[in-house]
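With this note's numbering applied, the sequence shown corresponds to residues 13 to 186, in that order. From the three backbone atoms N, C-alpha and C, an ideal C-beta is built for every residue, glycine too. Computed from a predicted structure; not experimentally measured. Below is one structure; the comments refer to it alone.
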Amino acid sequence: MSGRIQGEAESLRDFLKYKKTLDQELNNSSSIPCNFDLQEAFALFDKDGDGTITTRELGTVMRSLGQNPTEAELQDMINEVDADGNGTIDFPEFLALMARKMKDTDHEDELREAFKVFDKDGNGVISASELRHVMMNLGEKLTEEEVEEMIREADVDGDGHVNYEEFVKMMLSK
């Protein structure tokens, strides 16, 4: 990716991060209610009250929070955060696990929202005119050549448009 194009993608990523932070500040979201909800969920599924949850119990908690992991994914999740290696998850390990899962979900939502900003007509692809329009609204006056270059570099399948998968690759590339 050329330096100018990469710079534009980085600027967009920075803008989206700033917007997300601002939205969180405006909503006055604090970690206390989130931790409280997670503590309630943790306690609800810690059936024996020993302060730990098993793989089976973890699956129930994850599903109650809108996730749908497989057994293998559950075991991987436990292995990722099981700091003491006892095969179960205590509350601090559970918080670390949920923070990772929620971060991944937020990132996906953020990318989807960014794609919608570019895809003005909602047809599932970003055209050169849509890209030019959004970049101009962000204060970037691009030449026709620069817009076409951005499309070409992001357009993996060569159809002249940028679909969601291509957009994600472009946004995640460094």
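Query, Result
"Rounded straight-line distance, which links the Cα of ALA84 to that of VAL93", "15 Å"
"Buried or exposed by the 16-neighbour rule on C-beta atoms within 10 Å, applied to ALA126", "buried"
"Three-state secondary structure (DSSP) of VAL137", "strand"
"Nearest to GLU157 (by Cα), restricted to the options SER141, ASN149, ASP169, ASP171", "SER141"
"Inter-residue CB distance, ILE163 and GLY172 (contact presumed, cutoff 8 Å)", "7 Å"
"VAL180: first and last residue of the uninterrupted alpha helix (DSSP H) it sits in", "176 to 184"
"Collapsed DSSP secondary structure at ASP169 in the structure displayed", "coil"
"6 Å Cβ shell around ALA166 - same chain, five flanking residues per side excluded", "VAL174, GLU178, MET182"
"Continuous alpha helix (DSSP H) stretch holding ALA84: start and end", "83 to 93"
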